[in-house]
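Participant: This is the structure I have questions about; it appears just below.
2 protein chains.
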Amino acid sequence: MSTAATPKPSPELIFGTLISYQHAFALKAAVELDLFTAIAEGATDAASLAKRVKAAERGVRILADGMAIQGFLRKENGKYSLTQDAAIFLDKRSPAYMGGMAEFIVSEENIRNFSHFADCVRKGGTVSSIGDNSKPVDHRWVSFAKAMGSMAAPVAGALSQMVSANSSAEIKVLDIAAGHGMFGITVAKNNPRVQVTAVDWPAVLEVAKENAQKFGVADRYSVRPGSAFDTDLGSGYDYVFITNFLHHFDIPTNEKLLRRFHAALKPGGKAVTVEFVPDESRVTPPIAAAFSMVMLVNTDAGDAYTFAEYESMCRNAGFKSTVFEAPPDLPQRLVIAEK
Amino acid sequence: MSTAATPKPSPELIFGTLISYQHAFALKAAVELDLFTAIAEGATDAASLAKRVKAAERGVRILADGMAIQGFLRKENGKYSLTQDAAIFLDKRSPAYMGGMAEFIVSEENIRNFSHFADCVRKGGTVSSIGDNSKPVDHRWVSFAKAMGSMAAPVAGALSQMVSANSSAEIKVLDIAAGHGMFGITVAKNNPRVQVTAVDWPAVLEVAKENAQKFGVADRYSVRPGSAFDTDLGSGYDYVFITNFLHHFDIPTNEKLLRRFHAALKPGGKAVTVEFVPDESRVTPPIAAAFSMVMLVNTDAGDAYTFAEYESMCRNAGFKSTVFEAPPDLPQRLVIAEK
Chain Y
1 MSTAATPKPS PELIFGTLIS YQHAFALKAA VELDLFTAIA EGATDAASLA
51 KRVKAAERGV RILADGMAIQ GFLRKENGKY SLTQDAAIFL DKRSPAYMGG
101 MAEFIVSEEN IRNFSHFADC VRKGGTVSSI GDNSKPVDHR WVSFAKAMGS
151 MAAPVAGALS QMVSANSSAE IKVLDIAAGH GMFGITVAKN NPRVQVTAVD
201 WPAVLEVAKE NAQKFGVADR YSVRPGSAFD TDLGSGYDYV FITNFLHHFD
251 IPTNEKLLRR FHAALKPGGK AVTVEFVPDE SRVTPPIAAA FSMVMLVNTD
301 AGDAYTFAEY ESMCRNAGFK STVFEAPPDL PQRLVIAEK
Chain H
1001 MSTAATPKPS PELIFGTLIS YQHAFALKAA VELDLFTAIA EGATDAASLA
1051 KRVKAAERGV RILADGMAIQ GFLRKENGKY SLTQDAAIFL DKRSPAYMGG
1101 MAEFIVSEEN IRNFSHFADC VRKGGTVSSI GDNSKPVDHR WVSFAKAMGS
1151 MAAPVAGALS QMVSANSSAE IKVLDIAAGH GMFGITVAKN NPRVQVTAVD
1201 WPAVLEVAKE NAQKFGVADR YSVRPGSAFD TDLGSGYDYV FITNFLHHFD
1251 IPTNEKLLRR FHAALKPGGK AVTVEFVPDE SRVTPPIAAA FSMVMLVNTD
1301 AGDAYTFAEY ESMCRNAGFK STVFEAPPDL PQRLVIAEK
C-alpha cells in the first residue's frame, strides 16, 4: 500500500482532532471575558490583561497563549496583539464583531447533544426531546437570534444585490423563521422599495423588531408571529427568504412547507433558500458538508441537503425552475426557485 | 493596516475553531461504534455499515461522511475506505491501534472542566474539586491507564534506546505514576537486563501488572503501590521515569518530588522526565504549548513547563546537570537530569 508519495504514518491528525474541542471552549472563554477588546484597548501583557478582565494572571496567560497558538493573537516578547481577523471579528468595538456566535455554537445544549453522538448514530437522529423543531423552543432560538445576526452580513449582501435587480415600485419580502431578522432587515436597509414581513415565534420576533428599529427600517417591517407550518403567511410576495430553516426537517415536511411558500408568492416570485449545501459527494466543501452532523445530533430528521435534493423538493412543491448560486467566499449557498 | 500581502479578512478560522468540537465528538463516536474496523473488514457503504455496527443508516452515513471530511476516510461513489493513518491507528486489529485514547481525551470529565473555561481563567485553576492530584482519583487514572498505553510506543522507543546505551549488568528503573506501565514495560521488553519498579495508586497498578504479564516481563516487574509523595521508593536506581506527571503540580511541589527521586537514584543515575514542553514563547510547538490549557482546567496549579523551568527545578532538587532531548516526530520531549 505504501508508495514513495505516501507520507509517514502519524497519529497527529487523530490526536489533533480529539483535542480540538479544547480550542473551541478556549475561544468561547476568550469572547466571554472580552479578551480581544482588552488587548485592542492596550492591555497587552498577562498582568495588565488579568487586571482588565478581572481574572487570575495564570489563567489569562494560558488563555492568551491558547489564542496565539490557534492564530487569533500574535505574541512577541510576552506582549499580545490581535491578528487581522481578530481585530475585525473579535474586538467588540468593530462593526463586523461576531464573537456572539461562540455562545450559540458552543452552547451547553449543543455540547450535550454532541456528547451523545454514538447514540444519535444508532438511532438515526437526536436523542434529545426537542428534535422536531415544529414547536417553539424559545431558549434556543432567542439565543440564536441574539448571537448570530452578525453572521448574516455576507449572505444578506448577496440577497440585497438580487432584490435590487428587481424593478418593481414595491418589493414584498416574506422572511421565514426570521430569527435576528438581519437578512430581511439588511435588504430593506439597502433598498427603500422593500417591505418585509417576518415570521417566527413571538419571543424571537422581539429580537428582529429591535433590529429593525436599530437599522431604521421599522416602518417597512411587519411581523406574523407563529409557526411557518400554519400561520397565515399572506400573499403576493416577490420573494420568500428561507434562511437556515429547511435543514431542520425531512424531505416530505420540506415539500409541504415549500408548497405554502409557493402559494404566498406572486407569479414569477422567487423562493430563496440559504443553506449549507454540500456537493453530491456530501463530503465537500467541508463546512457545509459537516453541517449534517449538527442536524444528526440536534434534530429528528434534518440534514444538509444537496442541490439535487433541493431541486427535487422545489419541483414537487410546484416551482417552475430552480437555480443554484454559490457566492464567492461564503460558506452558505443560495437555492433560488421561481414560481 | 491592509497591505498587498494581507489576506482578505475572513471569519473562517473563528467559525472553524468554534465548530471543531463536533469533529472530536464524531471521532469518539466512530471509535465507540468501531466504524473503522467495520470498513476495513469490508462493510464499505452506509447500508452495510449500518447493519455491521448496529446503527441507523442515516446516522452512519452522516458519521462516515464526517470522518471523510476530517480526513480519516476516503469516499468514492458512495463507498468508504480507510486512509493510511486510519488503517494503522484506528482499525482495532492493527498493533498500533490507538482509538482507545478517544474515551480518555474526550471524557465527560474533560468536557465538563473545559466547559467552565472562563471560570477557570478567573480563578487561575480548575473549578472542579479534584484538582490537586495528590490523592487517588481511580476513575480518572484507571481510565487513563486503560486508554493511553498505545500512545506510549514512540516515547518508549526513545527511552529504550537511552537505557540500552547503559552497560551495567543490571539496570534498575523506577517508573513513577506508571499508569498503563508501558514506558517501563517496553524498556524491559527491549532489554533483558532491565528491572522495573512501578509506583502508582493500587487500582492503577492492576492495569500495569496486566500489561507486564501480557508483554512477558512480569518476572522483572515489581510494584510499590501508593503516592509518589510519600511511598517508600527504594533506592539505587539507574533511571527514574517521570512521564506525564510533573505537569500536574506547581514548581515548589515538583522540586519536592524531584528531591525524592534524586534520593532514590544511584550516583550518576538519571531522572528522565517525559512531557509536553513548549518553547520559551509558550506558543510553539502547538500541541505541547496547548497542553497548558488542559492543566488550567483540570488542575489547581499545573502547567506545561518550559525547559528553562525544568532545568531550574532539577537544579534546585540537587541534580548535577540537565539536558533536553526532542526526538523527531514526537509531540513530547525528554528532560534528562543527572545525579
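Protein chains in written order, with the numbering used here: chain Y, 1 to 339; chain H, 1001 to 1339.
Beta carbons: idealized from backbone N, C-alpha and C, even for Gly.
None of the values given here were measured: they were computed from a predicted structure.
#1: For V1274 (chain H), which three-state DSSP category applies?
#2: Given A56 (chain Y), which residues of its chain have a CB within under 8 angstroms of its CB, disregarding the five upstream and five downstream residues?
#3: Helix, strand or coil, according to DSSP, for Q195 (chain Y) in the structure here?
#4: Tell whether a beta-carbon distance below 7 angstroms holds between L258 (chain Y) and A198 (chain Y).
#5: Which runs of the beta strand (DSSP E) spanning at least 3 residues fall entirely within the region 20 to 55 of chain Y, listed in chain order?
#6: Report yes or no: is there a C-beta of chain Y within less than 7 angstroms of the C-beta of P1286 (chain H)?
#7: If you check the beta carbons only, do A1203 (chain H) and A1212 (chain H) fall under 7 angstroms apart?
#8: Can you give me the C-alpha to C-alpha distance between P154 (chain Y) and H180 (chain Y), rounded to a whole angstrom?
#9: So if DSSP puts S292 (chain Y) in a beta bridge, which residue, or which two residues, is it bridged to?
#10: Output yes or no for whether 7 angstroms exceeds the beta carbon distance between F1291 (chain H) and A1304 (chain H).
#11: Give the residues from the region 1017 to 1050 of chain H that approach chain Y closer than 8 angstroms (Cβ to any Cβ), ordered along the chain.
#12: Can you tell which of H:Y1097, H:P1009 and H:K1008 has the C-alpha that lies nearest to the C-alpha of T1034 (chain H)?
#13: Figure out for me which residue from H:P1011, H:R1224 and H:V1297 has the closest Cα to the Cα of A1196 (chain H).
#14: Which ranges does the beta strand (DSSP E) cover as unbroken runs of at least 3 residues, wholly within the region 1182 to 1260 of chain H, from first to last along the chain?
#15: Determine the burial state of G78 (chain Y): buried for a count of at least 16 other Cβ atoms within 10 Å of its Cβ, exposed for fewer.
#16: Counting C-beta neighbours from all protein chains within 10 Å, is the total for E275 (chain Y) 16 or more, i.e. buried, or is it exposed?
#17: Give the residues from the region 1068 to 1087 of chain H that approach chain Y closer than 7 angstroms (Cβ to any Cβ), ordered along the chain.
#18: Determine whether the beta carbon atoms of T120 (chain Y) and V297 (chain Y) lie at a separation below 7 angstroms.
#19: With burial defined as no fewer than 16 other Cβ atoms inside 10 Å of the residue's Cβ, what is the status of E1058 (chain H): buried or exposed?
#20: Using only the alpha-carbon positions, how far apart do M162 (chain Y) and W201 (chain Y) sit?
#21: Quick one: which chain Y residues come within Cβ less than 8 angstroms of A1264 (chain H)?
#22: Return helix, strand or coil for A337 (chain Y), following the three-state DSSP convention.
#23: When you compare the CB of K1123 (chain H) with every CB in chain C, is at least one pair closer than 7 angstroms?
#24: Cα separation between G1100 (chain H) and G268 (chain Y)?
#25: Let me know the secondary structure DSSP gives I1088 (chain H) once reduced to three states.
#26: Using the Cβ count rule (16 or more neighbours within 10 Å means buried), how would you classify A1320 (chain H)?
#27: Entirely within the region 1113 to 1146 of chain H and at least 4 residues each: give me those alpha helix (DSSP H) ranges in chain order.
#28: Any beta-carbon of chain Y closer than 7 angstroms to the one on S1143 (chain H)?
#29: So what's Y1305 (chain H) in DSSP terms, helix, strand or just coil?
#30: How big is the Cα-Cα spacing for E1103 (chain H) and E1325 (chain H)?
#31: Assuming the contact rule is C-beta atoms closer than 8 angstroms, S1115 (chain H) and F25 (chain Y) should be a hit. Round their C-beta distance to whole Å, please.
#32: Is S1065 (chain H) helix, strand or coil by DSSP?
#33: Any heavy atom of the ligand ADP closer than 6 angstroms to the CB of N316 (chain Y)?
#34: When DSSP labels each residue in this structure, what does A315 (chain Y) get in the three-state scheme?
#35: If you follow the alpha helix (DSSP H) that L13 (chain Y) is part of, which residue opens it and which one closes it?
#36: Below 8 angstroms on the Cβ atoms is my guess for M313 (chain Y) versus N254 (chain Y); work out the distance and round it to an integer in Å.
Facilitator: Reading off the structure:
#1: In the displayed model, V1274 (chain H) falls within a strand according to three-state DSSP.
#2: Take A56 (chain Y), set aside five residues on each side of it, and the residues of its chain with a beta-carbon closer than 8 angstroms to its own are A50, in chain order.
#3: Look at Q195 (chain Y) here: in three-state DSSP terms it is strand.
#4: At the C-beta level, L258 (chain Y) and A198 (chain Y) stay beyond 7 angstroms of one another.
#5: None, since the region 20 to 55 of chain Y contains no complete beta strand (DSSP E) of that length.
#6: Yes, its Cβ sits closer than 7 angstroms to a Cβ of chain Y.
#7: One thing to note: A1203 (chain H) has its Cβ no nearer than 7 angstroms to the Cβ of A1212 (chain H).
#8: Taking the straight line from one Cα to the other gives about 15 angstroms.
#9: Answer is none; S292 (chain Y) lacks a bridge partner.
#10: Taking 7 angstroms as the Cβ cut-off, F1291 (chain H) and A1304 (chain H) qualify as a contacting pair.
#11: Taking 8 angstroms as the cut-off between beta carbons, the residues of the region 1017 to 1050 of chain H near chain Y are T1017, L1018, I1019, S1020, Y1021, Q1022, H1023, A1024, F1025, A1026, L1027, K1028, A1029, E1032 and L1033, in sequence order.
#12: According to the sequence displayed, residue 1034 (chain H) carries Asp and not Thr. Ranking H:Y1097, H:P1009 and H:K1008 by Cα distance to D1034 (chain H) puts H:Y1097 first.
#13: According to the sequence provided, residue 1196 (chain H) is Val. The question's Ala does not apply to it. Minimum Cα distance to V1196 (chain H) is reached at H:R1224.
#14: Here the runs fully enclosed are 1194 to 1200, 1221 to 1225 and 1237 to 1243.
#15: Exposed, since its Cβ has fewer than 16 Cβ neighbours within 10 Å.
#16: Buried.
#17: Taken in chain order, the members of the region 1068 to 1087 of chain H whose beta-carbon sits within less than 7 angstroms of a beta-carbon on chain Y are A1068, I1069, Q1070, G1071, K1075, Q1084 and D1085.
#18: A small correction: the amino acid at residue 120 (chain Y) is Cys; Thr does not occupy that position in the sequence shown. Yes.
#19: The question names Glu, but residue 1058 (chain H) is Arg in the sequence shown. Buried.
#20: So the two alpha carbons sit approximately 27 angstroms from each other.
#21: Residues of chain Y passing the Cβ test: none, with the nearest at roughly 31 angstroms.
#22: It is a strand residue.
#23: Any reference to chain C falls outside this structure, whose protein chains are Y and H.
#24: Looking at the two C-alpha atoms, the distance is approximately 57 angstroms.
#25: Three-state DSSP puts I1088 (chain H) in a helix.
#26: The question names Ala, but residue 1320 (chain H) in the sequence shown is Lys. Classification of K1320 (chain H): exposed, given that the 10 Å Cβ count is below 16.
#27: Those alpha helix (DSSP H) runs which fall completely within the region 1113 to 1146 of chain H and span 4+ residues are 1117 to 1123.
#28: Cβ-Cβ to chain Y under 7 angstroms: no for S1143 (chain H).
#29: The three-state secondary structure of Y1305 (chain H), taken from DSSP, is coil.
#30: Straight-line Cα distance between these residues: approximately 30 angstroms.
#31: With 8 angstroms as the limit, S1115 (chain H) and F25 (chain Y) qualify as a contact, their Cβ atoms being about 6 angstroms apart.
#32: Looking at the sequence itself, residue 1065 (chain H) is Asp, so the reference to Ser does not match. Helix, per DSSP.
#33: Of the ligands one can find in the structure shown there are none, so the ligand ADP has no counterpart to examine.
#34: The displayed chain sequence assigns Arg, not Ala, to residue 315 (chain Y). Looking at R315 (chain Y) - three-state DSSP - the assignment turns out to be helix.
#35: Looking at the DSSP string, the run of the alpha helix (DSSP H) that includes L13 (chain Y) is E12 to L18.
#36: Right, their Cβ atoms sit about 5 angstroms apart.
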